[in-house]
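If you read the sequence shown in the UniProt record's numbering, its first letter stands for residue 1, the second for the next number, and so on. Where a beta carbon is used, it is the ideal one built from N, C-alpha and C, also for glycine.
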Amino acid sequence: MSTTTLSDSSNAEFHDLVAKLRRAIKKVNEDYITTAKTGDGYLNDLYKLVSPIMNGELELCAFSSWCRYPVYEVDYGWGNPISFCTSFAPLKNTIILVNTRSGDGIEALVTMPRHNLEILETQFKLLSSTRTQVIS
């Protein structure tokens, strides 16, 4: 389980969040998985995550990558799909990354309150106009 927080979100930069997310994800390694399987480590981490969310102290934002999952290559009996979306009930602040149909880009399926979405769009426009970085 990977978690991270920003202490002062009003002054937080996008790259700070990305760096914190990368560090949190790196913590999920073989040792963590082994510990989680054998003890209460996972449940303790889950409790540490859920408690502040349930108390309203933190706001959860969930990310998932479905990239390279062949959603456009599956023939459901009437040919390959031309479009893709999820069928689960929208959960607030969920971002799912999927490959584009052409395979040369990534789409983001985003569910969040409109005012948060406007902030996110502004940040992406600002980032795209200032620099481009290819991450492989």
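- Query: How is L58 classed by DSSP in three states: helix, strand or coil?
  - Reply: Here residue 58 is taken as the residue at index 58 of the sequence shown, counted from 1. Of the three classes helix, strand and coil, the one that applies to L58 here is coil, per DSSP.
- Message: At the level of alpha carbons, what is the spacing between S10 and V74?
- Response: Along the sequence shown, read from residue 1 onward, the residue named residue 10 stands at position 10. Along the sequence shown, read from residue 1 onward, the residue named residue 74 stands at position 74. Note that S10 has pLDDT 49, beneath the 50 cutoff, so the model's placement of it is unreliable and no number is given.
- At a cut of 8 Å, does the stretch 61 to 73 reach the stretch 31 to 49 through at least three beta carbon pairs? A contact is defined here as three or more CB-CB pairs under 8 Å, and the stretch 61 to 73 fails this definition with respect to the stretch 31 to 49.
- Query: What are the boundary residues of the alpha helix (DSSP H) that T34 is part of?
  - Reply: By 1-based counting over the sequence shown, the position of residue 34 is 34. Unbroken alpha helix (DSSP H) run through T34: E30 to T38.
- Message: If I follow the unbroken alpha helix (DSSP H) through V18, where does it start and stop?
- Response: Residue mapping note: residue 18 aligns to position 18 of the sequence shown, counting from 1. It spans F14 to K26 - the alpha helix (DSSP H) in which V18 sits, taken as one unbroken run.
- Item | Between the CA atoms of S129 and K37 - distance to the nearest angstrom | Your numbering for residue 37 matches position 37 in the sequence shown. Your numbering for residue 129 matches position 129 in the sequence shown. So the two alpha carbons sit approximately 45 Å from each other.
- Message: Taking only three categories from DSSP, how would you classify S10?
- Response: By 1-based counting over the sequence shown, the position of residue 10 is 10. The predicted model places S10 with a pLDDT of 49, which falls under 50 and marks its position as unreliable, so this point remains unresolved.
- How big is the Cα-Cα spacing for L117 and K48? Taking the sequence shown and counting its residues from 1, one reaches residue 117 at position 117. Taking the sequence shown and counting its residues from 1, one reaches residue 48 at position 48. Roughly 27 Å separates the two Cα atoms.
- Query: Is DSSP giving T111 helix, strand or coil here?
  - Reply: Your numbering for residue 111 matches position 111 in the sequence shown. Note: T111 maps to strand in three-state DSSP.
- In terms of alpha-carbon separation, which member of G105, A62, E13 and I95 lies closest to S68? Position 68 of the sequence shown, counting from 1, holds the residue named residue 68. It is Arg, not Ser, that sits at residue 68 in the sequence shown. Nearest option by C-alpha distance: G105.
- Item | Buried/exposed call for V18, threshold 16 Cβ in 10 Å | As a position in the sequence shown, residue 18 is number 18, starting the count at 1. Result: exposed.
- Query: At which residues does the beta strand (DSSP E) containing L97 begin and terminate?
  - Reply: Taking the first residue of the sequence shown as 1, we reach residue 97 at position 97. Start and end: T94 to N99.
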